[in-house]
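Peer 1: Protein sequences appear in the order of chains E and R. Under the working numbering, residues 1 to 95 are what the first sequence spells out, in order. Under the working numbering, residues 96 to 689 are what the second sequence spells out, in order. Yeah, the Cβ is synthetic: ideal placement off N, Cα and C, and Gly gets one too. Quick one: the structure is below, and I'll ask about it shortly.
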Amino acid sequence: MSHHLANVYRRRARHLRQLAWQMNDSPALRLHIHAGVDTWHGPRPLASTSDLRRAQDEIHREIDDLHVRATRFDREADRLDAVAYAASAAHLNAG
Amino acid sequence: MIVGYDPERVEALASMSREALWSLSTLTSTDPAAVPALQSVRRMHRTIETGVLAAADDIIRSDPLTGSFGGRAATAADTRRRRDTHGSPTPSTSFRDLVREFMLHRLVGGLTLLSDDELFLLTRSELTAAAEAGRLLDIDDPDRLMRSTALGIELSRRAAENPGFASRLVARSLDDPLLALVIAESDMSPEIKVAVFAATVSAEPGRPQADHVRGRAVQRFLDQILDDPALALVAIGRPDLIADILDWGALDSTWVDLGVDNAVDLVDVAFSAASTYDLGSRDEPGASEVTARSLATLVDLMNSAHGDRGLPAELSAAYTAGLLPLLPRFVNAFDGDEVFRLRRDDMSPVGVELGATSESMFDLLGGLARHRDSRAMLIGSVAALGPGIGTRYTAEQFAGFAAALGVSVANEQREEAIHAGRQQDRWVTGLTLLEAGIESSGVIARGTGAPVSIGFDIARWSVGHLVPTSDLDLDDAPRAIEMLLVVALTARIVSEIGGDSGGNDDGDQIDDEHVGRVEAQLARIDELLASPGVDAADIAGEIDLLRDLVDLAIESADLDATTRRRVAQVWSALDDDAFSAPPFRSETDPDLER
Chain E
1 MSHHLANVYR RRARHLRQLA WQMNDSPALR LHIHAGVDTW HGPRPLASTS
51 DLRRAQDEIH REIDDLHVRA TRFDREADRL DAVAYAASAA HLNAG
Chain R
96 MIVGYDPERV EALASMSREA LWSLSTLTST DPAAVPALQS VRRMHRTIET
146 GVLAAADDII RSDPLTGSFG GRAATAADTR RRRDTHGSPT PSTSFRDLVR
196 EFMLHRLVGG LTLLSDDELF LLTRSELTAA AEAGRLLDID DPDRLMRSTA
246 LGIELSRRAA ENPGFASRLV ARSLDDPLLA LVIAESDMSP EIKVAVFAAT
296 VSAEPGRPQA DHVRGRAVQR FLDQILDDPA LALVAIGRPD LIADILDWGA
346 LDSTWVDLGV DNAVDLVDVA FSAASTYDLG SRDEPGASEV TARSLATLVD
396 LMNSAHGDRG LPAELSAAYT AGLLPLLPRF VNAFDGDEVF RLRRDDMSPV
446 GVELGATSES MFDLLGGLAR HRDSRAMLIG SVAALGPGIG TRYTAEQFAG
496 FAAALGVSVA NEQREEAIHA GRQQDRWVTG LTLLEAGIES SGVIARGTGA
546 PVSIGFDIAR WSVGHLVPTS DLDLDDAPRA IEMLLVVALT ARIVSEIGGD
596 SGGNDDGDQI DDEHVGRVEA QLARIDELLA SPGVDAADIA GEIDLLRDLV
646 DLAIESADLD ATTRRRVAQV WSALDDDAFS APPFRSETDP DLER
């Protein structure tokens with residue numbers, strides 16, 4: 001038997017992975033390809049592109065973090081299921 | 096400054112940027128675990144919008160071949176001309192823009208034919224239609240965004256031409272959240288935007304549909320204010336707005352984080368902007384007024400019901416952080432004068448009046464110091480003010496400032512204790528003594544009267560050694576307050592007796608015996624405090640004796656290293672063991688008897 005909270009955790013894990021996938025798929029993460037020196041150069045383009053790269057790095061970190069959280073949720077779901085299973089088995093034995 | 100670019104590629108970059116913004120705006124989640132990720136998405140959105148896209152658009156606008164469309168983006172015709180000259184742009188990236196520009200042009204053209212009242216009906220009817228369909232308005236719907244952009248262009252034009260129309264916009268936005276959102280998404284002037292923002296956050300919560308749109312409007316305004324220092328300055332100049340942001344945050348628990356977090360950022364940005372403006376343009380008329388206005392806003396806030404309730408810790412820390420760069424200028428602004436005048440960095444008597452009293456300014460600082468982080472910042476900054484003695488302010492000014500700050504913080508603590516129903520605790524007793532000490536040193540100062548050489552080195556020493564910030568337990572608020580008072584007292588003593596002469600000619604010195612007497616007196620008071628049925632008058636008598644002893648100690652002229660250490664010891668003896676339960680009830684403060 002599955003603990004009801006385990007289902008919640010698994011659903012959240014799926015959602016976080018989906019969000020991570022959507023973020024990774026965003027054109028924003030490939031925008032720097034179009035913002036190189038063959039497009040423009042000068043102090044302002046350089047600053048804009050640097051800011052963009054920093055923001056992209058941050059997004060990449062958050063994507064990784066979403067995966068970590070999703071994994072954690074899955075583990076928590078497994079743990080809850082294990083507890084529920086053990087409790088159920090104990091109940092049956094006692095019966 | 097752009098020094099070189101490929102027009103074709105810049106156009107493609109602008110188009111890709113818009114596509115990226117669109118994709119980012121579709122990323123949503125209600126899972127709390129996704130909050131950091133979505134915050135980074137919002138930051139990315141801002142970075143693209145105000146960085147890459149803004150720069151690319153500027154190039155496109157200034158390019159004589161791309162031309163401009165109403166000061167915004169290239170028109171279809173302009174873009175066609177660019178194609179003819181430079182070859183075909185990437186169709187997949189420019190076609191959407193072309194259609195968008197065309198539609199926008201058509202929409203704006205249609206809106207110009209409508210009367211003011213008909214324009215106002217548009218937003219109302221859109222919201223009503225969504226409500227009647229039993230759904231929340233899809234704020235991120237591209238068609239709605241298109242309509243909003245077009246309406247924003249027309250509203251901006253009419254508001255710029257007619258101040259009366261601008262006033263109507265503000266008034267209408269109070270109960271039309273979609274109109275507020277359109278204004279938030281437009282290029283309207285900072286003054287109108289802030290006025291509509293203020294109206295939006297002051298509106299009472301209504302139906303879910305309206306609250307949903309209002310929430311997004313507020314978010315949009317806040318995002319822009321955080322990005323635009325000019326807008327932030329207009330916002331910070333409205334104390335009612337700051338107060339409303341806090342209130343607004345309290346309306347609905349789901350908005351609390353949003354409201355407070357953004358208010359913190361708002362304050363941070365506003366003060367940064369004010370400081371930059373103020374410090375960067377010393378000779379520019381009105382520069383100090385910007386800072387003064389920000390300060391006046393805070394003073395009003397702290398003296399409002401919000402201040403009485405206590406600010407959220409994060410907001411208090413943000414205010415404090417904003418104030419710290421100004422702290423050196425507070426020292427000579429406070430001269431015992433009732434009116435608070437913010438001066439330049441020198442000792443000029445000329446200053447900008449805030450319309451606030453010195454007392455209210457110290458109430459502000461004391462109120463901020465209720466929170467641990469704010470307290471830490473304030474005390475650490477006071478300790479760092481030492482080097483300014485003699486160059487930016489006199490030791491006496493410094494002493495006065497530190498003492499007033501200490502007493503102000505103490506008063507706040509006392510008020511808090513009263514409100515918390517704790518009556519009087521040992522800290523209040525301790526502070527009563529410390530205030531007595533300060534007062535007595537003031538008497539000495541007035542009695543001496545003669546010009547004295549200021550012992551800068553000793554004053555600095557007192558700051559650096561009596562308040563070693565690394566050793567301060569800032570969770571222990573009263574201890575921190577005491578430290579402030581000790582600094583003040585020591586600096587005042589030093590300023591009166593001079594630091595290098597070895598003091599007065601009487602040869603009275605703080606010796607071991609004297610320190611022993613002071614400590615014995617402290618123990619005596621402690622004993623009385625611990626006795627059941629203690630008579631307050633008896634304790635007051637003992638405190639008088641203690642004060643005499645302290646007077647004698649601080650009259651001592653020879654502040655060599657040993658003596659200084661002993662002064663510190665005497666004062667630190669006030670901390671841990673001298674005052675303990677049962678509470679000492681003062682006869683002079685009826686509030687404490689409640």
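Consult DSSP for H41/E and reduce its assignment to one of helix, strand or coil.
Peer 2: By 1-based counting over the first sequence, the position of residue 41/E is 41. H41/E: strand per DSSP, three-state reduction.
Peer 1: Measure from the C-beta of T244/R to each C-beta in chain E and report whether the shortest distance is under 7 angstroms.
Peer 2: Within the second sequence, numbered from 1, the residue matching residue 244/R stands at position 149. False, the Cβ-Cβ gap to chain E never drops below 7 angstroms.
Peer 1: Measuring alpha carbon to alpha carbon, tell me which of G36/E, L16/E, L5/E, W21/E ends up nearest T125/R.
Peer 2: Translated into the one-based positions of the second sequence, residue 125/R becomes position 30. Of the candidates G36/E, L16/E, L5/E, W21/E, the one whose C-alpha sits nearest the C-alpha of T125/R is L16/E.
Peer 1: Nearest-angstrom Cα distance between L108/R and D238/R?
Peer 2: By 1-based counting over the second sequence, the position of residue 108/R is 13. By 1-based counting over the second sequence, the position of residue 238/R is 143. Cα-Cα distance, rounded: 23 angstroms.
Peer 1: Does E144/R have its Cβ less than 7 angstroms from a Cβ in chain E?
Peer 2: The residue labelled residue 144/R in the question sits at position 49 within the second sequence. No, E144/R lies away from the interface with chain E (no Cβ there is under 7 angstroms from its Cβ).
Peer 1: Closer than 8 angstroms by C-beta to G483/R: which residues in its own chain qualify, once you throw out the five before and the five after it? Chain order, please.
Peer 2: Taking the second sequence and counting its residues from 1, the one referred to as residue 483/R is at position 388. Result list for G483/R: P423, V426, F493, in chain order.
Peer 1: For T123/R and A497/R, what's the separation of their Cα atoms in angstroms?
Peer 2: For this step, residue 123/R is matched to residue 28 along the second sequence. For this step, residue 497/R is matched to residue 402 along the second sequence. Cα-Cα distance, rounded: 50 angstroms.
Peer 1: So, at 6 angstroms on beta carbons, what are the nonlocal neighbours of R253/R in its own chain, with the 5 sequence-adjacent residues on each side left out?
Peer 2: Within the second sequence, the letter at position 158 stands for residue 253/R. Here the set comprises F260.
Peer 1: For D233/R, which residues of its own chain have a beta-carbon under 7 angstroms away from its beta-carbon, when the five flanking residues on both sides are left out?
Peer 2: Within the second sequence, residue 233/R is the residue found at index 138, counting from 1. Closer than 7 angstroms at Cβ, skipping near neighbours: R239.
Peer 1: For S220/R and chain E, any beta-carbon pair shorter than 7 angstroms?
Peer 2: Working through the second sequence from its first residue, we reach residue 220/R at position 125. It does not: the Cβ of S220/R has no partner Cβ on chain E nearer than 7 angstroms.
Peer 1: Among A327/R, D282/R, H307/R, P303/R, which has the Cα closest to the Cα of A293/R?
Peer 2: Residue 293/R sits at position 198 when you count from the first residue of the second sequence. The candidate whose alpha carbon is nearest that of A293/R is A327/R.
Peer 1: Got a sec: is the Cβ-Cβ distance from A77/E to anything in chain R below 7 angstroms?
Peer 2: The count along the first sequence starts at 1 and reaches residue 77/E at position 77. Output row for A77/E: interface = no.
Peer 1: Evaluate contact between the stretch 63–78 of chain E and the stretch 38–51 of chain E, counting only Cβ atoms and requiring at least three cross-stretch pairs below 8 angstroms.
Peer 2: Touching, no.
Peer 1: With DSSP run on the structure shown, which of helix, strand or coil describes I234/R?
Peer 2: For the purposes of this step, residue 234/R is taken as the residue at position 139 of the second sequence. In the structure shown, I234/R sits in coil (DSSP, three-state: anything other than H, G, I, E or B).
Peer 1: Tell me the DSSP secondary structure of N49/E in three-state form.
Peer 2: For the purposes of this step, residue 49/E is taken as residue 49 along the first sequence, with counting starting at 1. A small correction: the amino acid at residue 49/E is Thr; Asn does not occupy that position in the sequence shown. Note: T49/E maps to helix in three-state DSSP.
Peer 1: On the DSSP bridge assignment, give the partners of Y100/R in chain order.
Peer 2: Within the second sequence, residue 100/R is the residue found at index 5, counting from 1. In DSSP, Y100/R forms a bridge with W40/E.
Peer 1: Tell whether a beta-carbon distance below 7 angstroms holds between G462/R and E507/R.
Peer 2: The sequence position of residue 462/R within the second sequence is 367, counting from 1. The sequence position of residue 507/R within the second sequence is 412, counting from 1. The answer is yes: Cβ separation under 7 angstroms.
Peer 1: Kindly indicate which residue of E299/R, I143/R, E103/R, Q134/R has the alpha-carbon position closest to the one of P27/E.
Peer 2: In the first sequence, counting from the first residue as 1, residue 27/E sits at position 27. Closest by alpha carbon: I143/R.
Peer 1: Give a yes or no on whether the C-beta atoms belonging to L459/R and L500/R are separated by under 7 angstroms.
Peer 2: By 1-based counting over the second sequence, the position of residue 459/R is 364. By 1-based counting over the second sequence, the position of residue 500/R is 405. Not a contact, by the Cβ cut-off of 7 angstroms.
Peer 1: Give me whichever residues DSSP pairs with I474/R in a beta bridge.
Peer 2: As a position in the second sequence, residue 474/R is number 379, starting the count at 1. Paired residue(s): none; I474/R is not in a bridge.
Peer 1: Looking at R44/E: is its Cβ nearer than 7 angstroms to the Cβ of A150/R?
Peer 2: Taking the first sequence and counting its residues from 1, the one referred to as residue 44/E is at position 44. Taking the second sequence and counting its residues from 1, the one referred to as residue 150/R is at position 55. A contact, by the Cβ cut-off of 7 angstroms.
Peer 1: Which class does T452/R belong to by DSSP, given the choice of helix, strand or coil?
Peer 2: As a working mapping, residue 452/R is identified with position 357 in the second sequence. It is a strand residue.
Peer 1: Taking just the CA atoms, how far does E114/R sit from F197/R?
Peer 2: The residue you call residue 197/R lines up with position 102 of the second sequence. The residue you call residue 114/R lines up with position 19 of the second sequence. So the alpha carbons of these two residues sit roughly 17 angstroms apart.
Peer 1: Are the Cβ atoms of L274/R and R263/R separated by less than 7 angstroms?
Peer 2: By one-based count along the second sequence, residue 274/R stands at place 179. By one-based count along the second sequence, residue 263/R stands at place 168. Their beta carbons are not under 7 angstroms apart, which means L274/R does not touch R263/R by this criterion.
Peer 1: Jot down the residue ranges of each uninterrupted alpha helix (DSSP H) in the stretch 211–266 of chain R, minimum 4 residues, whole runs only, in chain order.
Peer 2: Within the stretch 211–266 of chain R, the complete alpha helix (DSSP H) runs of at least 4 residues are 211–227, 237–256.
Peer 1: Could you tell me whether any Cβ in chain B is nearer than 7 angstroms to the Cβ of L80/E?
Peer 2: Note that chain B does not occur in the displayed structure, where the protein chains are E and R.
Peer 1: Is S183/R close to chain E, meaning its C-beta is less than 7 angstroms from at least one C-beta of that chain?
Peer 2: To locate residue 183/R, count along the second sequence from 1; it is residue 88. With a pLDDT of 37 at S183/R, under the threshold of 50, the modelled position of this residue cannot be trusted; read the value that follows with caution. Not one chain E Cβ lies under 7 angstroms of S183/R.
Peer 1: Strictly below 7 angstroms CB to CB, what residues from chain E border S120/R?
Peer 2: Residue 120/R sits at position 25 when you count from the first residue of the second sequence. Those within 7 angstroms of S120/R in chain E number zero; the least Cβ separation is about 10 angstroms.
Peer 1: To which residues does DSSP link Y85/E through a beta bridge?
Peer 2: Here residue 85/E is taken as the residue at index 85 of the first sequence, counted from 1. In the DSSP output, where bridge partners are listed per residue, Y85/E has none listed.
Peer 1: Closer than 8 angstroms by beta-carbon distance: list the chain E residues that pair up with L240/R, in chain order.
Peer 2: Translated into the one-based positions of the second sequence, residue 240/R becomes position 145. Correct list: empty, because the minimum Cβ distance to chain E is about 18 angstroms.
Peer 1: Sort out for me which residues DSSP pairs Y488/R with in a bridge.
Peer 2: For the purposes of this step, residue 488/R is taken as the residue at position 393 of the second sequence. Bridge partners of Y488/R: I484/R.
Peer 1: Cα separation between M456/R and I474/R?
Peer 2: Here residue 456/R refers to the residue found at position 361 when the second sequence is read from its first residue. Here residue 474/R refers to the residue found at position 379 when the second sequence is read from its first residue. If you take the alpha carbons of M456/R and I474/R, they lie about 16 angstroms apart.
Peer 1: Name, please, each residue of chain R whose Cβ falls closer than 8 angstroms to the Cβ of D65/E.
Peer 2: Reading the first sequence from its first residue, position 65 is the one you call residue 65/E. Going along chain R in sequence order, the residues near D65/E (Cβ under 8 angstroms) are P131, A132.
Peer 1: Nearest CA to the CA of Q304/R: which residue from R230/R, M472/R, S112/R?
Peer 2: For the purposes of this step, residue 304/R is taken as the residue at position 209 of the second sequence. Comparing Cα-Cα distances from Q304/R to each of R230/R, M472/R, S112/R, the minimum goes to R230/R.
Peer 1: For the candidate residues V291/R, L199/R, V289/R, K288/R, whose alpha-carbon lies nearest to that of L246/R?
Peer 2: Here residue 246/R corresponds to residue number 151 of the second sequence, with the count starting at 1. Here the closest residue by C-alpha is L199/R.
Peer 1: State the start and end residues of the unbroken alpha helix (DSSP H) segment that holds A275/R.
Peer 2: If you number the second sequence from 1, residue 275/R lands on position 180. 272–279 is the span of the alpha helix (DSSP H), which, as asked, contains A275/R.
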